[in-house]
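Participant: Take a look at the following structure, please.
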Amino acid sequence: MSAARKAVLRAADVSKVFGGTVALNHVDFNVYRGKVNALVGENGAGKSTLIGILAGVHQPTAGEILLDGQTVQLPSPRAAGEHGIRLIHQELLLFPNLSVAENIFAGSELRSAAGVRLREQEREAARLLERLGQRVNPRSLVGDLAVGAQQMVAIAKALSQQVRVLIMDEPTSALSTREVESLFQVVRALVADGVAVVYISHRLEEIMTIGDFVTVLRDGKQVAEAAVPEIDSHWIVEHMIGRDPEALFPYEARPVGEPLLEVADLTLPRPGGGLWVDRVSFSVSAGEIVGVYGLMGAGRTELLQSLVGERREAVGCVTLNGVDLHHEAIGARIARGLFLVPEDRQREGLVQALSVKENVSLASLDELAAFGNLAVRREAREVGAVVRDVGVKVPDINHPVTALSGGNQQKVVVAKALLTEPKVLLMDDPMRGVDVGAKAELYRIMKRLASEGIAILFTSSDLMEVLGMADRILVMARGRITGEFAREEATSGLLVAASNPHAVKAVA
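All the letters of the sequence shown, read from the start, carry residue numbers -10 to 497 under our numbering.
Here you go:
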């Protein structure tokens, strides 16, 4: 039996041209019933365009889409949905001012003659989230949830309707290790019921864990397809980048200087009671990379926000180069050399309506001004230099930032940070939604900055990333530091054990 006859959904010789840009070039992609069909490739490889065609968002310039071996037209997402093809977007399409239940059933409300059955929607929303291992109040506003919890709501929304093909675009990018395992259990149950899952992830360990088949795209072309048990992650990376991959985490010892950032008894109260950050104390030295590992809700993001001055209700002592920052506003902390690369680059790191140049210079306008006016030539010169320094792939710095891939957008945020000449760089889950090639570049940038004497404090829910990048690792649970490990002694087992919310012994 041929691959085409076994595939429930198939892109056959599909090409897509946007203007003069060839996004897909004669691509074949098979989606097998009852299997996890992984789709991988660097940013710009064509993954988003291909799944957009499968989900009815885009129309192919050439080629055809076959469902159960028959050519099918998918002129819109609604038409794809009628065929049981549903897409969970990487950037969540949720309404922040609506409740969890209202978001899950938006567009497919449970109705009676009297109107929307709100109570039934809330009960069903709670059941769907419980299936995902989440206990989220269905009446909570989505905008009040952390990014990871919002992603689980988006997944629950897709699962609220009957599906034959479920396309998941980076579904775990903001999830903790425990939440990822809960999601995997749901995916396994779906494929056991015959659902075909298309799974896109930059986390190769996920592909190797959950995938049955993998298809690799590079530069708009399909370059390889294989059964996952027959290959390894090295094979995937080699086909993604077209060459033998270097180790993502080559470690080189570097001199570590005196402490630059010192934190003592930092505490951040949680609205309604409890603490986001509970009496946290630590330091980060010049030239040191310190990783903060923890599950969603552990307080990682809130810790970094408190350090940079976003959480004014935080109390405790934070000093930078011996200067107490307690009464300093965000702008003053940036001027002193403290900068945060935020978790959500789309909403917090970038202004979508601005160009690359305008985004990069946004935090440095005072420094770029002369006699009250922006020194335009100096701005262009210095922005151009830092953009080249971090390797942003953009034809011109006046290019819209929205036209860039996720990895290049993250480099723009890093470039914005570097233009401020930071002494301490805070990075909140900096590799979220970034492909393996861009990750390698960002890792190199982080190590180069550390070798230049910059202190780096980053958070991550990716065990391998923390173990591979950090000189020292802090583990958080329930707002407290529950473990501290030197690089030489850290293991995944130690980090997972310390990240357990029931860990009671905190490191002072």
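Where is the CB? At the ideal position from N, CA and C, for every residue including glycine.
To the nearest angstrom, how far is it from the Cα of R325 to the Cα of K412?
Facilitator: Translated into the one-based positions of the sequence shown, residue 325 becomes position 336. Translated into the one-based positions of the sequence shown, residue 412 becomes position 423. When rounded, the distance between both Cα atoms is 8 Å.
Participant: By DSSP, does F7 sit in helix, in strand, or in coil?
Facilitator: What you label residue 7 is simply residue 18 of the sequence shown in a count that begins at 1. Strand.
Participant: Between the stretch 302 to 317 and the stretch 390 to 402, do at least 3 Cβ pairs fall closer than 8 Å?
Facilitator: The answer is no - the stretch 390 to 402 does not touch the stretch 302 to 317, with fewer than three Cβ pairs under 8 Å.
Participant: Once DSSP output is grouped into helix, strand and coil, what is the label at A68?
Facilitator: Looking up residue 68 in the sequence shown gives position 79. Correct three-state label for A68: helix.
Participant: Indicate whether the contact test is met: 3 or more Cβ pairs, each with one atom in the stretch 134 to 153 and one in the stretch 100 to 107, closer than 8 Å.
Facilitator: Output reads no: the stretch 100 to 107 does not touch the stretch 134 to 153.
Participant: Whose CA, out of P64, F238, V381, lies closest to the CA of A401?
Facilitator: Taking the sequence shown and counting its residues from 1, one reaches residue 401 at position 412. Checking the sequence shown, residue 401 turns out to be Val, not Ala. With distances taken between Cα atoms, V401 lies closest to V381.
Participant: Going residue by residue through the stretch 107 to 169, where are the continuous beta strand (DSSP E) segments of at least 3 residues, counting only ones entirely within it?
Facilitator: Counting only runs of 3 or more, we get 154 to 158.
Participant: Leaving out five residues on either side along the sequence, give the residues of the same chain with a beta carbon under 7 Å from the beta carbon of A(-8).
Facilitator: As a first step, residue -8 must be located in the sequence shown, where it is residue number 3. For A(-8), the predicted structure reports a pLDDT of 44, less than 50, and the residue's modelled location is therefore unreliable. The matter cannot be settled from this model.
Participant: Given this structure, state the Cα-to-Cα distance separating G231 from D158, to the nearest angstrom.
Facilitator: As a working mapping, residue 231 is identified with position 242 in the sequence shown. As a working mapping, residue 158 is identified with position 169 in the sequence shown. Using only the alpha carbons, I get a separation of about 23 Å.
Participant: Beta carbon of G280, beta carbon of V245: below 7 Å?
Facilitator: The sequence position of residue 280 within the sequence shown is 291, counting from 1. The sequence position of residue 245 within the sequence shown is 256, counting from 1. Not a contact, by the Cβ cut-off of 7 Å.
Participant: Compare the beta carbon distance of D355 and Q211 with 7 Å and say whether it is the shorter of the two.
Facilitator: Looking up residue 355 in the sequence shown gives position 366. Looking up residue 211 in the sequence shown gives position 222. No. Outside cutoff.
Participant: Quick check: the Cα distance between F94 and S149, rounded to an integer number of angstroms?
Facilitator: Taking the sequence shown and counting its residues from 1, one reaches residue 94 at position 105. Taking the sequence shown and counting its residues from 1, one reaches residue 149 at position 160. The alpha-carbon atoms of F94 and S149 are separated by roughly 8 Å.
Participant: Taking all protein chains shown into account, do 16 or more other C-beta atoms lie within 10 angstroms of the C-beta of E119, making it buried, or fewer, making it exposed?
Facilitator: Start at 1 with the first residue of the sequence shown, and residue 119 comes out as number 130. By the neighbour-count rule (16 or more Cβ atoms within 10 Å), E119 is not buried but exposed.
Participant: Can you look up E53 in the DSSP assignment and give me helix, strand or coil?
Facilitator: Here residue 53 corresponds to residue number 64 of the sequence shown, with the count starting at 1. The answer is strand: DSSP assigns E53 an E or B state.
Participant: Can you tell which of E241, V252, Q341, L43 has the C-alpha that lies nearest to the C-alpha of H388?
Facilitator: On the sequence shown, position 399 is the one that residue 388 refers to. That would be Q341, whose Cα lies nearest to the Cα of H388.
Participant: Just the C-alpha distance for A1 and A213, rounded to the nearest angstrom, thanks.
Facilitator: To locate residue 1, count along the sequence shown from 1; it is residue 12. To locate residue 213, count along the sequence shown from 1; it is residue 224. Using only the alpha carbons, I get a separation of about 15 Å.
Participant: Between which two residues does the alpha helix (DSSP H) containing Y282 stretch?
Facilitator: Within the sequence shown, the letter at position 293 stands for residue 282. Note, Y282: premise wrong, no alpha helix (DSSP H); beta strand (DSSP E) at 278 to 282.
Participant: Is the Cβ-Cβ distance between V383 and V345 less than 7 Å?
Facilitator: On the sequence shown, residue 383 is found 394 positions in, with the first residue counted as 1. On the sequence shown, residue 345 is found 356 positions in, with the first residue counted as 1. Contact: yes.
Participant: Where in the stretch 289 to 324 do unbroken runs of the alpha helix (DSSP H), each at least 4 residues long, occur, reported from the N-terminal end onward?
Facilitator: Within the stretch 289 to 324, the complete alpha helix (DSSP H) runs of at least 4 residues are 289 to 297.
Participant: Quick one: what does DSSP say I498 is sitting in, helix, strand or coil?
Facilitator: The question about residue 498 has no answer, for the chain in this structure spans -10 to 497.
Participant: Taking the straight line between their C-alpha atoms, what separation do you get for R238 and L99?
Facilitator: Numbered from its first residue, the sequence shown carries residue 238 at position 249. Numbered from its first residue, the sequence shown carries residue 99 at position 110. The residue asked about is misnamed: residue 238 is Phe in this sequence, not Arg. About 50 Å.
Participant: With DSSP collapsed to three states, give me the class of H228.
Facilitator: On the sequence shown, residue 228 is found 239 positions in, with the first residue counted as 1. Helix.
Participant: Would you check if the stretch 468 to 475 and the stretch 259 to 275 touch, i.e. whether three or more CB-CB distances between them fall below 8 Å?
Facilitator: The stretch 259 to 275 is in contact with the stretch 468 to 475.
Participant: Should T50 and S4 be called a contact, given that it needs their Cβ atoms to be closer than 7 Å?
Facilitator: Within the sequence shown, the letter at position 61 stands for residue 50. Within the sequence shown, the letter at position 15 stands for residue 4. Closer than 7 Å, so yes.
Participant: Helix, strand or coil for P218 per DSSP?
Facilitator: To locate residue 218, count along the sequence shown from 1; it is residue 229. P218 falls in the helix class under three-state DSSP.
Participant: Would you say R243 and L155 are within 7 Å of each other, going by their C-beta atoms?
Facilitator: In the sequence shown, the residue the question calls residue 243 occupies position 254. In the sequence shown, the residue the question calls residue 155 occupies position 166. No, they are not a contact pair.
Participant: For T448, which residues from the same chain have a beta carbon less than 6 Å from its beta carbon, with the 5 sequence-adjacent residues on both sides left out?
Facilitator: Walking along the sequence shown from the start, residue 448 turns up at place 459. Excluding sequence neighbours, T448 sits near V281, R289, D417, D418.
Participant: Compute the Euclidean distance between the alpha carbons of V6 and E219, then round it to the nearest angstrom.
Facilitator: Residue numbering aside, residue 6 sits at position 17 when the sequence shown is read from its first letter. Residue numbering aside, residue 219 sits at position 230 when the sequence shown is read from its first letter. When rounded, the distance between both Cα atoms is 33 Å.
Participant: Measuring straight from C-alpha to C-alpha, what distance separates L43 and R67?
Facilitator: For the purposes of this step, residue 43 is taken as the residue at position 54 of the sequence shown. For the purposes of this step, residue 67 is taken as the residue at position 78 of the sequence shown. Whole-angstrom Cα-Cα distance: 12 Å.
Participant: By the three-class DSSP mapping on this structure, what secondary structure does E251 have?
Facilitator: Here residue 251 refers to the residue found at position 262 when the sequence shown is read from its first residue. Strand, per DSSP.
Participant: Buried or exposed: which applies to S65, given that a residue is buried once 16 or more other Cβ atoms fall within 10 Å of its Cβ?
Facilitator: As a first step, residue 65 is located in the sequence shown; it is residue number 76 there, counting from the start. So S65 counts as exposed.
Participant: How is V383 classed by DSSP in three states: helix, strand or coil?
Facilitator: Taking the sequence shown and counting its residues from 1, the one referred to as residue 383 is at position 394. Three-state result, V383: coil.
Participant: By Cβ distance, which residues of its chain are closer than 6 Å to L(-2), with the 5 residues on each side in sequence left out?
Facilitator: The residue you call residue -2 lines up with position 9 of the sequence shown. Here the set comprises V20, L56, V154.
Participant: Which one or two residues does DSSP pair with R177 in a beta bridge?
Facilitator: For the purposes of this step, residue 177 is identified with residue 188 of the sequence shown, where counting begins at 1. Note: R177 sits in no beta bridge, so no partner.
Participant: Roughly how many whole angstroms lie between the Cα atoms of L172 and K24?
Facilitator: Within the sequence shown, the letter at position 183 stands for residue 172. Within the sequence shown, the letter at position 35 stands for residue 24. Looking at the two C-alpha atoms, the distance is approximately 15 Å.
Participant: Taking the C-alpha atoms as reference points, what is the distance between A429 and V226?
Facilitator: To locate residue 429, count along the sequence shown from 1; it is residue 440. To locate residue 226, count along the sequence shown from 1; it is residue 237. Going by the C-alpha atoms only, they are around 11 Å apart.
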